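Here's the structure, in structure tokens; my notes come after.
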Amino acid sequence: ARMVPVDQVFNRFPRVVRFLGHGPGDELGPVHTRAEHAAAAHVLRSALDALDWDVFLGEQLPGDEGWHGLLGGREWRREASPSLGLPATWDEYLAARSSNFREQLRRRDAALRREGEVVSRLADATTLDRDLDALFSLHRARWGATRTDFDDTPFHREVAREALGRGWLRLRLLELDGRPIAAWHGFQVGAVCSYYQAGRDPAFERHSVGFVLMASSIHAAIAEGATEYRFGRGDEAFKSRFATHDPGLETVTLARGAIGVSGLAA
11 ARMVPVDQVF NRFPRVVRFL GHGPGDELGP VHTRAEHAAA AHVLRSALDA
61 LDWDVFLGEQ LPGDEGWHGL LGGREWRREA SPSLGLPATW DEYLAARSSN
111 FREQLRRRDA ALRREGEVVS RLADATTLDR DLDALFSLHR ARWGATRTDF
161 DDTPFHREVA REALGRGWLR LRLLELDGRP IAAWHGFQVG AVCSYYQAGR
211 DPAFERHSVG FVLMASSIHA AIAEGATEYR FGRGDEAFKS RFATHDPGLE
261 TVTLARGAIG VSGLAA
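All the letters of the sequence shown, read from the start, carry residue numbers 11 to 276 under the working numbering.
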């Protein structure tokens, strides 16, 4: 698209409409039941028609639902969002993985168990506060001085408490002799389990405790009857070890008025 200086189009800043959660959110868009995205897009478009805006930026919409076509917009960006279709049993899952994957998982789990008593458990109402403490501590230990969007804030704690009350929270701790050495934070809503954040003790890096705990979370999701396991936005290498496909995420733009005519949002 040709570039036109904004000050040649407007004597004010453009009015931009975006989804709640843009930035740190993984997958955004209207809340709807599965396969009802066309109806949701119609409602969204009607809602937009009732608002005063210049640019609509629809970020991180499910990439396999064709939102740019449904909304009559442009696909501005596409991002990775790996997913795993879950079989009925853990044995079926392992059988579908490579022999190298199975051997690595067996060897790493066995090596860790030689260090002491290993327990993988879920946070509950009696352990939530201290388990969140462990999660944030292990997350900081994993990333060190690198700044991330995930930190110990009242917001994250409130979301965890609310999700626990609704039966959605999955905060899993991997402990060695009672000491947390890795944490997996996610949610399970219906038949979909979603990974959100994690942390691990660098002192146990040689045991690949993140890999071991990720496998444990998949095992647990299968046992709970989940049929899909989502790894969230991003193409990090560890996700490809477990995922089976990637529907992706698309960001859709719509523009009207002077911006639409100028092609600034293209």
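Glycine included, C-beta positions come from ideal geometry on N, C-alpha and C. Keep in mind it's a predicted model, so treat the numbers as computed, not measured.
| request: Please list, in chain order, all residues of the same chain as His217 whose beta carbon is under 8 Å from its beta carbon, the five residues on each side excluded. | output: Residues Arg118, Ala121, Leu122, Glu125 of the same chain have their beta carbon placed closer than 8 Å to that of His217, with the five preceding and five following residues left out of the count.
| task | Specify the secondary structure class of Val219 as computed by DSSP and reduced to three states. | result | Three-state DSSP puts Val219 in a helix.
| message | Give me the residue from Ser147, Val26, Arg157, Leu81 with the minimum Cα distance to Leu47. | response | Sequence inspection shows His at residue 47; the Leu mentioned does not correspond to that position. His47 has its Cα closest to that of Leu81, out of Ser147, Val26, Arg157, Leu81.
| field | Nearest-angstrom Cβ-Cβ length linking Arg278 and Leu142, presumed shorter than 8 Å | value | Residue 278 lies beyond the stretch modelled for the chain, which goes from 11 to 276, so this question has no answer here.
| query | Taking the DSSP output, what are the residues bridged to Glu69? | reply | None; Glu69 has no bridge partner.
| query | When DSSP labels each residue in this structure, what does Ser272 get in the three-state scheme? | reply | Note that Ser272 has pLDDT 47, beneath the 50 cutoff, so the model's placement of it is unreliable and the number below is only indicative. Residue state for Ser272 is assigned as helix, using DSSP reduced to three classes.
| said: Leu148 and Arg181 - do their beta-carbons sit closer together than 9 Å? | reply: Just to set this straight, residue 181 is Leu in the shown sequence, not Arg. Contact: no.
| query | Would Gly209 be called buried (16 or more neighbouring beta carbons within 10 Å of its own) or exposed? | reply | When all chains shown are included, Gly209 counts as buried.
| field | Rounded distance between the beta-carbons of Leu71 and Leu2, thought under 8 Å | value | One cannot answer for residue 2 here, as it falls past the ends of the chain, which runs 11 to 276.
| message | At the level of alpha carbons, what is the spacing between Ala288 and Arg240? | response | No information on residue 288 is available, as it lies outside the stretch 11 to 276 that the chain covers here.
| Closest residue to Ile52 among Gly79, Gly177, Thr136 (Cα-Cα distance) | The sequence given here has His at residue 52, not Ile. Measuring from the Cα of His52, the nearest candidate turns out to be Gly79.
| Per the contact definition of three or more C-beta pairs closer than 8 Å, is the stretch 151-160 in contact with the stretch 95-102? | No, they do not touch.
| query | Below 9 Å between beta carbons: does that hold for His30 and Thr263? | reply | The question names His, but residue 30 is Leu in the sequence shown. Leu30 places its beta carbon 9 Å or farther from that of Thr263.
| query | Beta carbon of Ile228, beta carbon of Phe252: below 9 Å? | reply | A contact, by the Cβ cut-off of 9 Å.
| field | Supposed contact pair Val128 and Leu61 - C-beta distance, whole angstroms, cut 8 Å | value | That belief does not hold up - the Cβ atoms of Leu61 and Val128 are roughly 54 Å apart, past 8 Å.
| said: How far does the alpha helix (DSSP H) with Phe165 in it extend, from its first residue to its last? | reply: In the DSSP annotation of this structure, the continuous segment of the alpha helix (DSSP H) that includes Phe165 starts and ends at 164-176.
| task | Report, in whole angstroms, the separation of the C-beta atoms of Asp245 and Ser93, which I expect to be a contact under 8 Å. | result | That pair is no contact at about 13 Å.
| field | Status (buried if at least 16 other CB within 10 Å, exposed otherwise) for His195 | value | Here His195 is buried. Its C-beta has 16 or more other C-beta atoms within 10 Å.
| message | Taking a contact to mean a Cβ-Cβ separation below 9 Å, would you say Pro40 touches Leu54 in this structure? | response | Contact annotation: Pro40 and Leu54 have beta-carbon atoms nearer than 9 Å.
| message | Using only the alpha-carbon positions, how far apart do Leu115 and Pro212 sit? | response | In this model, Leu115 and Pro212 are separated by some 19 Å (Cα to Cα).
| query | What does DSSP give as the partner residues of His47 in its beta bridges? | reply | None, per the DSSP bridge assignment.
| field | Inter-residue CB distance, Gly235 and Ala201 (contact presumed, cutoff 8 Å) | value | Sure, about 7 Å apart at Cβ, within 8 Å.
| Extent of the continuous alpha helix (DSSP H) to which Gly196 belongs | Note, Gly196: premise wrong, no alpha helix (DSSP H); beta strand (DSSP E) at 189-199.
| task | Quickly, what does DSSP pair Ala208 with across the bridge? List them, please. | result | Note: Ala208 sits in a beta bridge opposite Trp194.
| query | Just to confirm, are Leu183 and Ser130 a CB contact at a threshold of 9 Å? | reply | Less than 9 Å separates the beta-carbon of Leu183 from that of Ser130.
| request: State the CB to CB distance for the pair Glu69 and His42, rounded to an integer number of angstroms; the pair is presumed to be in contact (CB under 8 Å). | output: Not confirmed; about 17 Å, so no contact.
| request: List the residues that DSSP assigns as beta-bridge partners of Glu127. | output: Under DSSP, no beta-bridge partner is assigned to Glu127.
| query | Name the DSSP bridge partner or partners of Leu181? | reply | According to DSSP, Leu181 bridges with His195.
| query | Taking Ala170 as the reference, which of Asp139, Trp153, Pro190 has the closest Cα? | reply | Ala170 has its Cα closest to that of Asp139, out of Asp139, Trp153, Pro190.
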